[in-house]
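Data block below; observations after.
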Amino acid sequence: MGPARDGRWNETGIVQKFPAGGPKKLWSTPIGGGYAGPAVVGDKVYVSDYQATEGKLANNPGARNKRQGKERILCLDAKTGKEVWKYEYDCPYEVSYAAGPRCAPTVAGGKVYALG
10 MGPARDGRWN
20 ETGIVQKFPA
30 GGPKKLWSTP
40 IGGGYAGPAV
50 VGDKVYVSDY
60 QATEGKLANN
70 PGARNKRQGK
80 ERILCLDAKT
90 GKEVWKYEYD
100 CPYEVSYAAG
110 PRCAPTVAGG
120 KVYALG
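Under the working numbering, read the sequence shown as residues 10 to 125, first letter to last.
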C-alpha cells in the first residue's frame, strides 16, 4: 500500500531492467510442492513445502485428494541457499489442491509463523 496508503512505493536502487539473458542465478535448492511464496528477511529465506510419502495429486480442483506426508518450514541462507534449520510435522491431506501449504511464512519479532 505504501506509506501514504496510495499504492506508491518509493524504494530506491530497484533494478529497472534485467540484463540480456536474465539475472544471474545465485543458487537453487530442491523443495516440495506448495502454493506459498518465500519470505525474505535479512540474510534468511523462509519457505514452506509438502513432502508427500503416499497418495497421488489429482489434477481436478473438486477432487478430495488423500495424501500422506509432511509439511515443512525451511530456513535457508539467502547468500548460499544452504539449510539453516527446518521444522517438519506430519500432515495428511484430504482436500482439493493438495500440493502443499498455501501461505508464505511470516517473520516478526525474531519468530516465524506459518499456516499450512
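Quick reminder that beta carbons are idealized off the backbone N, C-alpha and C, glycines included.
Near V50, which residues of its chain fall below 6 Å by C-beta distance, leaving aside the five closest residues on each side in sequence? So the qualifying residues of the chain are V116.
Classify W94 as helix, strand or coil using the three-state DSSP reduction. strand
Could you have a look at Q25 and say whether DSSP puts it in helix, strand or coil? coil
Report the rounded CA-to-CA distance for D58 versus M10, giving the unit in angstroms. 28 Å
Helix, strand or coil: which one does DSSP assign to C100? The answer is coil: DSSP assigns C100 none of H, G, I, E or B.
Using the C-alpha atoms, what's the distance from Y122 back to D99? 17 Å
Taking all protein chains shown into account, decide if I23 is buried (16 or more other Cβ within 10 angstroms of its Cβ) or exposed. Classification of I23: exposed, given that the 10 Å Cβ count is below 16.
Cβ contact check for the segment 59 to 75 and the segment 26 to 35: 3 or more pairs under 8 Å: no
Local conformation of S57 per DSSP, three classes: Here DSSP, grouped into helix, strand and coil, assigns S57 to strand.
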